[in-house]
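Q:
Residue numbers (the numbering used here), protein chains in the order written: chain B, 1 to 113; chain S, 1 to 114.
#1: Where does residue 55 of chain S fall in DSSP's three states?
#2: Leaving out five residues before and five after residue 68 of chain B in sequence, what residues of the same chain have Cβ atoms less than 7 Å from its Cβ?
#3: Taking 8 Å as the CB-CB cut-off, is residue 101 of chain B touching chain S?
#4: Alpha carbon to alpha carbon, how far is residue 109 of chain B from residue 74 of chain S?
#5: Using DSSP bridges, identify the partner residues of residue 67 of chain S.
#6: Considering only their Cβ atoms, is the gap separating residue 69 of chain S from residue 48 of chain S smaller than 8 Å?
#7: Quick check: the stretch 25–35 of chain S against the stretch 30–40 of chain B, are there 3 or more CB pairs under 8 Å?
#8: So is residue 87 of chain S buried or exposed if we call it buried at 16+ other beta carbons inside 10 Å?
#9: Run through chain S and tell me which residues come within less than 7 Å of residue 42 of chain B, C-beta to C-beta.
#10: Identify the contact partners of residue 17 of chain S in chain B, using a Cβ-Cβ distance below 8 Å as the criterion.
#11: Taking only three categories from DSSP, how would you classify residue 125 of chain B?
#12: Looking at the structure shown, is residue 101 of chain B part of a helix, part of a strand, or coil, going by DSSP?
#13: Could you tell me whether any Cβ in chain B is nearer than 8 Å to the Cβ of residue 43 of chain S?
#14: Exposed or buried, which one is residue 85 of chain S when buried takes at least 16 other CB atoms within 10 Å?
#15: With distances taken from CA atoms, which of S:65, S:90 and S:100 is nearest residue 10 of chain S?
#16: State yes or no: is the C-beta of residue 86 of chain B within less than 8 Å of the C-beta of residue 4 of chain B?
#17: Can you check whether the CB of residue 45 of chain B is closer than 8 Å to the CB of residue 32 of chain B?
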């Protein structure tokens, strides 16, 4: 069973506009969430994280929102730039899984000029 | 500072063979984790080593094993290869134990099993 779901395999956004990537989870015990970005032929790189005690975390153009009641988080990128074209992975972890990271399948973001 | 390196980058094996993949973490990093990525799937956690001890293990059969050396370098071994083992194998290192800490990934080893 997929505990972390990224239901959009791909997303196309105009340069300069907002990109919103979504992630849903089923395990209510998850207490820490991370986003990683992956370019082709490279390993993922850490982007931003959020603890379950917060509902928002911001880092420059990147903001992650957490809605615990809906078991949903989203990553907002404003404004979107060509270099943001990549695959974005959402990952979650919980104390009851010994803090093992559970990853979503990824969303491919394409920024159009 | 040099990044995480993985060797080899590409590997072709046949069913029933075994394979060993190598990972050199960033200098000073004592935690090394291994992941399997297949098309359309997220990363599946294999195991994490910290200071030569396996700290955590994912849901993979015993054919998948690993170890970590005193210099923090790590190897992953897969015995009796199956077609379904074809995947990108990623290694990640971090300073602290626990995959919830920021991890730094290598480029991966692409394993093809024929």
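Even for Gly, the Cβ is constructed at its ideal location relative to N, Cα and C. Since this is a predicted model, take the numbers as computed values, not measurements.
A: Per the coordinate set shown:
#1: Your numbering for residue 55 of chain S matches position 55 in the second chain. Looking at residue 55 of chain S - three-state DSSP - the assignment turns out to be strand.
#2: In the first chain, counting from the first residue as 1, residue 68 of chain B sits at position 68. Cβ within range, chain order: 52.
#3: Walking along the first chain from the start, residue 101 of chain B turns up at place 101. Closer than 8 Å to some Cβ of chain S, the Cβ of residue 101 of chain B qualifies, so yes.
#4: As a working mapping, residue 109 of chain B is identified with position 109 in the first chain. As a working mapping, residue 74 of chain S is identified with position 74 in the second chain. In a straight line, the C-alpha of residue 109 of chain B is about 33 Å away from that of residue 74 of chain S.
#5: Within the second chain, the letter at position 67 stands for residue 67 of chain S. Residue pairing for residue 67 of chain S: DSSP places it in a beta bridge opposite S:75.
#6: Indexing the second chain from 1 puts residue 48 of chain S at position 48. Indexing the second chain from 1 puts residue 69 of chain S at position 69. No, the pair does not count as a contact, with Cβ atoms beyond the cut-off.
#7: no
#8: Locating residue 87 of chain S in the second chain gives position 87, where the first residue counts as 1. The residue in question, residue 87 of chain S, is buried, as its Cβ has 16 or more Cβ neighbours within 10 Å.
#9: Against the first chain, residue 42 of chain B aligns to sequence position 42. Those within 7 Å of residue 42 of chain B in chain S are 107.
#10: Residue 17 of chain S sits at position 17 when you count from the first residue of the second chain. The premise fails here: residue 17 of chain S is roughly 25 Å from chain B at the closest Cβ pair, so nothing lies under 8 Å.
#11: As displayed, chain B neither begins before 1 nor continues past 113, which places residue 125 of chain B out of reach and without an answer.
#12: Residue 101 of chain B sits at position 101 when you count from the first residue of the first chain. Residue 101 of chain B: coil per DSSP, three-state reduction.
#13: Locating residue 43 of chain S in the second chain gives position 43, where the first residue counts as 1. Cβ-Cβ to chain B under 8 Å: yes for residue 43 of chain S.
#14: For the purposes of this step, residue 85 of chain S is identified with residue 85 of the second chain, where counting begins at 1. Buried, by the Cβ-count rule.
#15: Position 10 of the second chain, counting from 1, holds the residue named residue 10 of chain S. The candidate whose alpha carbon is nearest that of residue 10 of chain S is S:90.
#16: In the first chain, counting from the first residue as 1, residue 86 of chain B sits at position 86. In the first chain, counting from the first residue as 1, residue 4 of chain B sits at position 4. No. Outside cutoff.
#17: Your numbering for residue 32 of chain B matches position 32 in the first chain. Your numbering for residue 45 of chain B matches position 45 in the first chain. Not closer than 8 Å, so no.
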